[in-house]
Amino acid sequence: MTDTERTARDIPAYDAQAIEAKQQRLWEERDLFAASDESDRPKKYVLEMFPYPSGDLHMGHARNYSIGDAMARQAHMRGFDVLHPIGFDAFGLPAENAAIKHNTQPATWTYKNMDQAVSTMKRMGFSYDYDRMVRTCDPDYYRWGQWQFLKMWEKGLVERRDSPVNWCPSCNTVLANEQVTEGRCWRCGSVPERKNLTQWYLKITDYAEELLDDIDQLTGWPERVKQMQRNWIGKSEGAEIDFALADEDGNPTDTVMTVFTTRPDTLFGATFFLLAPEYPGLMELTTPENRDAVQEVIDIAAATSTADRASSDREKHGAFIGRYMVNPVNGRLLPVYAADYVLTDYGTGAVMGVPSGDQRDFDFARKYGLPIPPVVIEEDDPLFPELKDQTELVMTDVPWDQAMAAEGVLVQSGPFTGMKGGHNSEAVDAIIDWLAEKGLGHKAVNYRLRDWLISRQRYWGNPIPMVHCEHCGIVPVPYDQLPVTLPPDLDLAAGETLAECPAFYETTCPVCGRPARRETDTMDTFTCSSWYYLRYCDPHDEELPFSRELADRWMPVDNYIGGIEHAILHLLYSRFWTKVMRDLGLLDFDEPFTNLLCQGMVKDANGETMSKSKGNVVPPSSVIGPYGADTMRMAVLFIAPPEKDFNWDEEAVAGCNRFIKRVWRTVWELSFSADKGPGLDAGSLDGAGKTLLRELHRLGIKCTQDYDRGQYNTAISALMELTNAANAYLNAVPQDRRDPALCWLVAWDICAMISPVCPHLADELGQDALGVDGSFYEVSWPEFDPELAKADEVEIAVQIKGKVRARVNVPAGADKDSIEAAAREAVADQLAGKEVLKAVVVPGRLVNFVVR
């Protein structure tokens with residue numbers, strides 16, 4: 001039987017399991033996805049945020065990695081040398097807790113899960129360069145995290161200090177401010193407590209201004225993420241003002257407290273002074289008879305989350321400490337209160353209470369009977385005529401039910417009365433200048449961002465490479481003694497910690513040689529994930545965390561893919577880390593990620609978030625088993641655009657499988673008539689052939705553009721249309737009359753364009769149906785001609801007075817006169833006896849006749 005006599009009965013069955021196993025074996029044998037450090041091709045670094053190995057991969061991972069894999073594969077076909085690595089964020093509390101629960105060691109649990117995850121990744125056919133795999137719990141990785149910590153120490157970016165911290169009672173460790181979301185622990189959901197502890201910090205605030213300014217460089221990031229970072233950094237411009245503590249006679253002493261305010265123009269309206277419950281030396285300032293009441297406020301604040309304390313709606317709690325501050329502009333004595341809504345995380349932990357212009361101060365003043373004099377009034381306020389010329393503070397209260405907007409004209413404000421008040425107003429500048437002349441204050445900038453607290457009181461993390469010596473103080477571990485490794489056999493189930501393990505903490509001082517104690521805190525796991533993308537560039541370097549040459553070769557990451565939940569934590573920390581490495585001379589760029597795609601969530605069929613506790617998780621194996629990996633990959637890419645959430649849809653999965661089988665049959669049937677031969681002669685095609693060629697180029701252009709934009713759902717839709725067009729040709733033209741070169745071209749291009757989504761299918765068809773050697777990963781992306789995509793004819797709607805009366809086909813390039821003539825002929829009977837006042841011709845769309 002010749003090829004031209006073959007029929008659908010000769011098409012082999014589509015066996016996803018056998019095909020995928022075969023192709024994955026061929027890819028691995030050829031080391032197909034290894035990135036070259038010396039290629040002349042332009043680079044493309046495609047990276048998905050690496051997973052935490054808490055178990056096997058879930059459908060959210062499948063979606064994230066399928067997006068990245070389609071992007072990486074298509075980029076390679078587009079002529080780039082692609083770096084597409086994978087690894088594991090392997091330290092952390094979940095592994096430690098799971099190990100305790102299962103009576104094993106975190107390392108045992110973690111490595112077992114990583115092996116399972118890699119097996120699943122390979123089964124899904126992802127194009128990772130596994131030789132570059134990074135596991136953050138490997139000593140040859142976390143050694144370099146310690147190395148970079150010591151470099152930051154030398155640069156003055158590491159500090160150990162006492163401060164109030166967020167303590168999670170469930171996780172038994174501290175949390176950075178960024179790890180408290182909506183008042184709860186980001187990992188377990190418990191409400192953190194406030195404790196005073198000695199902890200290690202990285203001074204990210206030294207980079208606050210640059211982190212803020214450089215957001216404007218992130219043109220490839222979602223605006224939502226950029227705004228979240230701007231808000232978190234929280235730059236405020238205003239003034240720092242010095243208030244003197246009053247003695248028993250009301251005279252100012254040498255004890256000064258500084259407040260930061262964005263509204264120095266309201267200074268005349270300050271009627272009380274507030275201190276955070278954590279303010280250093282608060283109890284020493286408090287008079288004996290007030291200490292019990294102040295302690296009660298301290299206890300309330302310690303049991304309340306930071307978010308709740310800062311809330312405008314929550315009832316405020318305060319206690320008079322028995323002391324007064326002197327208002328520097330009018331000498332008014334301001335009673336000092338400890339107040340639970342004042343935080344040390346913003347400003348100085350000391351606040352001037354201006355109840356007429358701040359709602360929380362207003363509520364506090366009403367509760368504790370404090371005066372609320374107006375100092376900034378809108379001109380249409382009933383009080384304005386009475387107060388507009390009033391310079392001295394005489395009113396003790398206002399008839400308002402809430403604070404004013406604090407935008408308007410200053411009253412009762414001494415020499416500044418009558419000036420325009422408000423943010424960035426003339427009064428703000430004038431009062432700052434006056435304070436500066438008197439030595440009582442100055443212009444200042446404040447940030448919401450606080451230094452990154454990296455101490456964690458848990459075992460399964462990167463040890464902080466410092467030593468405590470009674471004689472030499474805090475001493476860094478010498479570089480040649482890195483890594484400081486974790487002891488392998490702690491009895492975690494019995495509650496043993498590093499602080500209780502002499503084998504770990506007993507050491508000698510690197511400076512004096514006398515007995516010393518290792519630091520027993522480990523680093524926040526976000527330190528590990530803040531630079532892993534750099535290690536991928538040079539994963540086997542034994543001299544440095546990465547060479548500058550290879551970092552400059554691959555970085556920055558061109559396309560980074562991950563969840564929106566990392567907008568503040570990981571993404572902000574990584575930007576900071578990159579800038580520090582740049583300043584250490586290890587890099588030559590400012591930002592780590594050029595383009596960021598935040599993929600949507602995969603929810604269950606009812607729109608509920610998938611979780612093990614709900615029992616609604618859909619594992620990838622549930623799709624791969626009956627349908628194959630290509631069906632799973634296509635389904636998670638086709639159901640919705642990458643950035644949108646979607647509900648899991650079994651029917652859509654089955655539909656994707658039906659389409660894959662249709663592609664399988666279509667390409668095989670095209671192959672029966674295909675011949676690469678001398679190439680296509682478009683001029684010799686019949687009508688059906690010309691139609692298919694036009695659809696190939698039209699849909700090929702659309703598919704390519706959609707791939708380039710990362711819109712895989714519409715790229716797949718274009719492939720569906722092209723497959724339908726190919727089937728229409730096969731059904732219309734007998735096998736012996738089909739154009740061999742056209743059949744070859746269409747079959748080849750369908751395989752090429754579907755290969756980033758369904759690589760096993762494409763390679764199997766290429767090898768068996770089209771007789772080519774190798775993988776579509778290695779071929780060039782098809783090229784399409786816009787001229788060939790143009791239709792020979794276009795359909796024009798013919799309207800009379802705006803209503804469609806006919807449709808007519810005209811040559812695609814017809815001029816307006818020709819289009820109008822064809823339209824007149826199509827509705828000649830309906831125009832008979834009417835006067836055509838005007839003919840509106842829109843080429844390619846319509847002709848409208850205006851008649852009477």
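Each step along the sequence shown adds one to the number in UniProt numbering, with nothing skipped, and position 393 is 393.
A virtual CB, placed ideally from N, CA and C, is assigned to each residue, including glycine.
Please classify residue i as buried or exposed, where buried requires at least 16 other C-beta atoms within 10 Å of its C-beta.
i: Y479; result: exposed
i: L282; result: buried
i: R9; result: exposed
i: V840; result: exposed
i: D361; result: buried
i: R30; result: exposed
i: K834; result: exposed
i: L498; result: buried
i: V836; result: exposed
i: R658; result: exposed
i: T136; result: buried
i: C168; result: buried
i: P415; result: exposed
i: V757; result: buried
Grouping DSSP H, G and I as helix and E and B as strand, with all else coil, what is residue i?
i: H442; result: strand
i: A789; result: coil
i: P734; result: coil
i: A365; result: helix
i: R9; result: helix
i: W648; result: coil
i: P556; result: coil
i: P371; result: coil
i: F784; result: coil
i: F33; result: coil
i: W452; result: strand
i: G145; result: helix
i: F243; result: strand
i: A350; result: strand
i: V511; result: coil
Tell me the residue span of the alpha helix (DSSP H) that contains residue i.
i: R535; result: Y532 to R535
i: L93; result: L93 to K101
i: Q227; result: E223 to I233
i: P759; result: P759 to E764
Using beta carbons (cut-off 8 Å, strictly below), is residue i in contact with chain D?
i: E193; result: Annotation note: the requested chain D is absent from the structure, which comprises a single protein chain.
Which value, in whole angstroms, describes the spacing of the CA atoms of residue i and residue j?
i: F638; j: K603; result: 15 Å
i: E625; j: D736; result: The question names Glu, but residue 625 is Gly in the sequence shown. Roughly 39 Å separates the two Cα atoms.
i: H442; j: I431; result: 10 Å
i: M466; j: Q705; result: 53 Å
i: A769; j: W781; result: 19 Å
i: G92; j: S170; result: 14 Å
i: D15; j: L453; result: 53 Å
i: S671; j: E787; result: 26 Å
i: T4; j: E608; result: Confidence in T4 is poor, its pLDDT being 45 and thus under 50, which makes the residue's placement unreliable; the coordinate value appears in the next sentence. So the two alpha carbons sit approximately 53 Å from each other.
i: E210; j: A551; result: 22 Å
i: E223; j: R230; result: 10 Å
i: V297; j: R194; result: 13 Å
i: Y324; j: A338; result: 12 Å
i: F88; j: P620; result: 19 Å
i: S190; j: V351; result: 29 Å
i: T2; j: N731; result: Since pLDDT at T2 reaches only 44, below the 50 mark, its modelled position is unreliable, and no value is offered.
i: A828; j: P811; result: 20 Å
i: V794; j: W531; result: 55 Å
i: P399; j: Y279; result: 33 Å
Considering residue i, what are the terminal residues of the beta strand (DSSP E) in which it resides?
i: K43; result: K43 to E48
i: Y324; result: G318 to V326
i: F268; result: Counting along the chain, F268 falls outside any beta strand (DSSP E), and DSSP gives it neither H nor E.
Would the segment 755-767 count as touching the segment 47-61 if we require 3 or more Cβ pairs under 8 Å? no
Do three or more CB pairs link the segment 235-247 to the segment 567-580 at distances below 8 Å? no
Check whether the segment 111-129 touches the segment 143-158, counting contact only when three or more Cβ pairs, one atom from each stretch, lie closer than 8 Å. no
Is the segment 513-525 in contact with the segment 69-83, if contact means three or more CB pairs nearer than 8 Å? no
Counting Cβ pairs closer than 8 Å, one from the segment 291-310 and one from the segment 328-336, do we hit at least three? no
Check whether the segment 589-602 touches the segment 20-38, counting contact only when three or more Cβ pairs, one atom from each stretch, lie closer than 8 Å. no
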